[in-house]
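What follows is a single structure, written as structure tokens, with notes after it.
So, in structure tokens, the structure goes:
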């Protein structure tokens, strides 16, 4: 069964997020350390939370995996990726691990 890992960066009045660093440094780091286990990656930058509303999230990264073994291997290799988060945001990310159903 395919699984997904979503890393969700909440936006608040006092949060910061360096999208340039995220795209050009952090995501290549994800590829370097976790990429061998990932099937697909989709990164979405938050633009709005609805009409005339600011985005509730700076960004959401969605990674898919063939199964539990691949997800476990990616998470085991994620140390440098997790350590890098403080370099582009002061927001504590949420994570969602789920089953891909469509």
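Numbering (my numbering), first residue to last: 4 to 105. Heads up, the beta-carbon is just placed ideally off N, CA and C, and yes, glycines get one too.
Item: For residue 42 versus residue 66, is the C-beta distance shorter than 9 Å?; Value: yes
Item: With a CB to CB cut of under 6 Å and the five nearest residues on each side skipped, what residues in its chain are close to residue 76?; Value: 40
Item: For residue 99, count neighbouring Cβ atoms within 10 angstroms of its own Cβ and tell me buried if that reaches 16, exposed if not.; Value: exposed
Item: Residue 56 lies in the beta strand (DSSP E); which residues open and close that run?; Value: Where residue 56 is concerned, there is no enclosing beta strand (DSSP E), given that its DSSP letter is neither H nor E.
Item: Can you tell me which residues form a DSSP beta bridge with residue 103?; Value: None; residue 103 has no bridge partner.
Item: Which same chain residues, not among the five before or five after residue 44, have their C-beta less than 6 Å away from its C-beta?; Value: 66
Item: To which residues does DSSP link residue 20 through a beta bridge?; Value: 92
Item: Are there 16 or more other CB atoms within 10 angstroms of the CB of residue 35, so buried, or fewer, so exposed?; Value: exposed
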